[in-house]
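Okay, structure first, notes after.
Number of protein chains: 2
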Amino acid sequence: MTIGERIGFVTLATTDSYAAGALVLARSLRQVNTVAELVCLVSNSISEGTRTRLASEFDDVIVVDVLNSNDDAMLTLLKRPELGVTLTKLHCWKLTQYNKMVFLDADALVVKNIDDLFQREEISAVADCGWPSCFNSGVFVFKPSVDTFNELIEFAKNEGSFDGGDQGLLNDFFSDWSTKSIDRILPFGYNVHAAATYAYVPAFRRFKDQVKVVHFLGSTKPWTSKNPPQGEFSQFWQLWWSLYESNNQAKSSENVSQNTSNNNSVETPVMTPSGFAAVGQSQPGFTPTSPAKAGFDIIQDHLNAQLSSEASEPAPKFDIKPSKVMF
Amino acid sequence: MTIGERIGFVTLATTDSYAAGALVLARSLRQVNTVAELVCLVSNSISEGTRTRLASEFDDVIVVDVLNSNDDAMLTLLKRPELGVTLTKLHCWKLTQYNKMVFLDADALVVKNIDDLFQREEISAVADCGWPSCFNSGVFVFKPSVDTFNELIEFAKNEGSFDGGDQGLLNDFFSDWSTKSIDRILPFGYNVHAAATYAYVPAFRRFKDQVKVVHFLGSTKPWTSKNPPQGEFSQFWQLWWSLYESNNQAKSSENVSQNTSNNNSVETPVMTPSGFAAVGQSQPGFTPTSPAKAGFDIIQDHLNAQLSSEASEPAPKFDIKPSKVMF
Numbered sequence: 243m244t245i246g247e248r249i250g251f252v253t254l255a256t257t258d259s260y261a262a263g264a265l266v267l268a269r270s271l272r273q274v275n276t277v278a279e280l281v282c283l284v285s286n287s288i289s290e291g292t293r294t295r296l297a298s299e300f301d302d303v304i305v306v307d308v309l310n311s312n313d314d315a316m317l318t319l320l321k322r323p324e325l326g327v328t329l330t331k332l333h334c335w336k337l338t339q340y341n342k343m344v345f346l347d348a349d350a351l352v353v354k355n356i357d358d359l360f361q362r363e364e365i366s367a368v369a370d371c372g373w374p375s376c377f378n379s380g381v382f383v384f385k386p387s388v389d390t391f392n393e394l395i396e397f398a399k400n401e402g403s404f405d406g407g408d409q410g411l412l413n414d415f416f417s418d419w420s421t422k423s424i425d426r427i428l429p430f431g432y433n434v435h436a437a438a439t440y441a442y443v444p445a446f447r448r449f450k451d452q453v454k455v456v457h458f459l460g461s462t463k464p465w466t467s468k469n470p471p472q473g474e475f476s477q478f479w480q481l482w483w484s485l486y487e488s489n490n491q492a493k494s495s496e497n498v499s500q501n502t503s504n505n506n507s508v509e510t511p512v513m514t515p516s517g518f519a520a521v522g523q524s525q526p527g528f529t530p531t532s533p534a535k536a537g538f539d540i541i542q543d544h545l546n547a548q549l550s551s552e553a554s555e556p557a558p559k560f561d562i563k564p565s566k567v568m569f
Numbered sequence: 243m244t245i246g247e248r249i250g251f252v253t254l255a256t257t258d259s260y261a262a263g264a265l266v267l268a269r270s271l272r273q274v275n276t277v278a279e280l281v282c283l284v285s286n287s288i289s290e291g292t293r294t295r296l297a298s299e300f301d302d303v304i305v306v307d308v309l310n311s312n313d314d315a316m317l318t319l320l321k322r323p324e325l326g327v328t329l330t331k332l333h334c335w336k337l338t339q340y341n342k343m344v345f346l347d348a349d350a351l352v353v354k355n356i357d358d359l360f361q362r363e364e365i366s367a368v369a370d371c372g373w374p375s376c377f378n379s380g381v382f383v384f385k386p387s388v389d390t391f392n393e394l395i396e397f398a399k400n401e402g403s404f405d406g407g408d409q410g411l412l413n414d415f416f417s418d419w420s421t422k423s424i425d426r427i428l429p430f431g432y433n434v435h436a437a438a439t440y441a442y443v444p445a446f447r448r449f450k451d452q453v454k455v456v457h458f459l460g461s462t463k464p465w466t467s468k469n470p471p472q473g474e475f476s477q478f479w480q481l482w483w484s485l486y487e488s489n490n491q492a493k494s495s496e497n498v499s500q501n502t503s504n505n506n507s508v509e510t511p512v513m514t515p516s517g518f519a520a521v522g523q524s525q526p527g528f529t530p531t532s533p534a535k536a537g538f539d540i541i542q543d544h545l546n547a548q549l550s551s552e553a554s555e556p557a558p559k560f561d562i563k564p565s566k567v568m569f
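This is the structure:
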């Protein structure tokens, strides 16, 4: 990137649960002091209330209304309904007000600053643990372009997706990812698959200082249970909850604590407008940033402080801005 | 490689079970018509009988007698006994009679010709599914060199291995593998991790024509049971047994069939001298190579033929050459 280029992280929420993930993702990016803007795409199935809550954390919340659009995506969707969410995700290529973007799945958590990703080219991504000659589409660098978007839609119409999702489609479209340039293969730390089945524990311990993004793969997500799974990733599960609750104490005491007497399960977080700090506001649940510490350390300090604290103040309420429909 | 360069595949057997794996690996390499030589390193715990049986399949069987050597490896082994097998494997770098080699773990099965690997540079390998910025050390291209061997031993003494095995050691030693050159990151097809926990089934189906080497990771190996695990890799499990039994009918009918009435389990193969064809001899258990078919197809044809056959001839006995101690 060069001075003057507009850069942004973008994620996607298609359900209220994933909206909770998106919210925590945004907070994690703020915590590591990103200089990029934060954008959340939401499908039109997301309620207005949830959209407005997301708008208090993101710089922009954009409704992707595929079915009511006039573009080719609608026709493709009608012919291949299984690609619905996939096509919604592809709309990130239409964010041409940005010069360079990084897509992050809403079940990802950023623990160290990753703004250096904006120096990479399209398409840069991490190898998928299931088939490492494919990239995992949970984190990728891309350059918004209407031409690319149209080509992707055309490709989806003709080829579909070998795994029924965006990962299969994007890997077939960017089929030279694993052979074109070493610079496009991101270190695993940018998308550490937090799933017990994929864990190579000695490597995780050896390279733990390289962990920048944790991606909660699989069907069990942090928002499904407050009780972390056993293993190396439990600390990140706890971090997720720490961030979720950090500005959401009213919600936390209202809906969560009643279910955690044995710390085994909680209801899926349902976002309410209360307790969310507007972007740029101070976040009273967190220790102020120390110059000597960054990323994970800061969040870990906060987690430690929270665990040792017996009481916390409810977070203040702020005004929120309305979301808008872009596509 | 250039004309006149000597090339070889090398594997390692440290137990009789892994010797069975090495034997099948050698047969699989012959089946795909490799032009390279086949070398088997064995630790000095392997019996003379097993060594001689391996010598009927490999061009060379070399005993790596670390404890009786006078080199630095012995001292390192005494200080770090957990690195014993690792150090045995490292001895492949001392095979300087070869210009270029490919190491294959004995629990690997080759289903397509991979001689093109000899055009790659040290160190070329496939990403490990557990941490894809590390390579899996089950398949790697290397250049034998006493200097490199000595550096590896020195490194082992000073640094140990982060996972207690050769993979941790080699990844720390060749620490620029994931960043130096795209040509050193081999396509996943050269080392497909056959473990249910790592399977990305849609990708396996999409790229199944790219599968060249199947690596039976995990604690359950083909030699532990004739009954294949469920899933995409069962066909390769059956192929392994097909190859194991192809020239081993006397052994098969003697030791295996009595345990397979319910096809659930068999004893671990124990190699006997009977029924092994010397290298270069015709292999009566196999259909002759068809010009129109190669690799997997040939083996699959054989498997099909074997499954539909009600009886098979016991394979002939051949003289075998003695193994020698090199290191």
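Listed in order, the protein sequences are those of chains A and B. Heads up: the first sequence begins at 243 in our numbering, then just goes up one per residue. Heads up: the second sequence begins at 243 in our numbering, then just goes up one per residue. Note that beta-carbon positions come from the ideal geometry of N, C-alpha and C, so glycine has one too. Quantities reported herein were computed from a predicted structural model and do not represent experimental measurements.
- Taking the C-beta atoms as reference points, A348 (chain B) is found nearer than 9 angstroms to A261 (chain B).
- Here the alpha carbons of D357 (chain B) and V274 (chain B) stand approximately 9 angstroms from one another.
- The straight-line gap separating the alpha-carbon atoms of Y486 (chain A) and L265 (chain A) is approximately 8 angstroms.
- Leaving aside the five residues that flank L271 (chain B) on each side, the residues in its chain whose CB is nearer than 7 angstroms to its CB run, in chain order, F251, L280, V352.
- Spanning the alpha carbons of R322 (chain B) and Q452 (chain B) requires a straight line of approximately 39 angstroms.
- Assignment of F458 (chain B) by DSSP, reduced to helix, strand and coil, places it in the coil class.
- For A350 (chain A), the enclosing beta strand (DSSP E) begins and ends at 350–352.
- Under the DSSP definition of a beta bridge, S375 (chain A) lacks any partner.
- The continuous stretches of beta strand (DSSP E) do not include E299 (chain A), and DSSP gives it neither H nor E.
- G246 (chain B) counts as exposed, since fewer than 16 other C-beta atoms from the protein chains shown sit within 10 angstroms of its C-beta.
- Under the three-state reduction of DSSP, T338 (chain B) is assigned to coil, being neither helix nor strand.
- DSSP places L325 (chain A) in no beta strand (DSSP E); its state is neither H nor E.
- For L271 (chain B), the uninterrupted alpha helix (DSSP H) run begins and ends at 258–273, by DSSP.
- Residue burial annotation: L428 (chain B) is buried, with at least 16 other C-beta atoms found within 10 angstroms of its C-beta.
- Residue burial is scored here from C-beta neighbours: E299 (chain B) has at least 16 other C-beta atoms within 10 angstroms and is therefore classed as buried.
- Where I395 (chain A) is concerned, there is no enclosing beta strand (DSSP E), although the alpha helix (DSSP H) around it starts and stops at 388–401.
- Taking the C-beta atoms as reference points, S289 (chain A) is found no nearer than 9 angstroms to T466 (chain A).
- Judged by pairs of C-beta atoms under 8 angstroms, the stretch 402–419 of chain B touches the stretch 376–385 of chain B, as three or more such pairs exist.
- When DSSP states are grouped into helix, strand and coil, S289 (chain A) belongs to the coil group.
- Around the beta carbon of Q339 (chain B), fewer than 16 other beta carbons sit within 10 angstroms, so the residue counts as exposed.
- At least one beta carbon of chain B lies nearer than 9 angstroms to the beta carbon of Q452 (chain A).
- C-alpha of S366 (chain A) to C-alpha of F391 (chain A): approximately 17 angstroms in a straight line.
- Beta-bridge partners of A369 (chain B) (DSSP): B:F377.
- Counted as a single uninterrupted DSSP element, the beta strand (DSSP E) harbouring V252 (chain B) occupies residues 249–255.
- Using a Cβ distance threshold of 9 angstroms, Y432 (chain A) and G372 (chain B) do not count as a contacting pair.
- For T328 (chain B), the closest C-alpha among the options B:A437, B:I395, B:V381 is that of B:I395.
- Going by C-alpha positions, T253 (chain A) is about 5 angstroms away from L346 (chain A).
- Flagged as an interface residue toward chain B: A441 (chain A), by a C-beta distance shorter than 9 angstroms.
- Counting every other CB atom within 10 Å of its CB across the protein chains shown gives N400 (chain A) a total below 16, marking it as exposed.
- DSSP, read as helix, strand or coil, puts I427 (chain A) in strand.
- Chain-order list of chain B residues neighbouring I427 (chain A): S420, I424, I427, by C-beta distance under 8 angstroms.
- Contact between L459 (chain B) and A437 (chain B) is confirmed by a C-beta separation of about 4 angstroms, below the 8 angstroms threshold.
- Cβ contact annotation for P470 (chain B) (same chain, cutoff 7 angstroms, sequence separation greater than five): S476, W479, Q480, in chain order.
- Put simply, of B:D301, B:V303, B:L332, B:D302 the residue whose alpha carbon is nearest the alpha carbon of D314 (chain B) is B:L332.
- Beta-carbon to beta-carbon, N286 (chain B) and V305 (chain B) are separated by about 6 angstroms, close enough to satisfy the 8 angstroms threshold.
- In the DSSP assignment, E279 (chain A) forms a beta bridge with A:G250.
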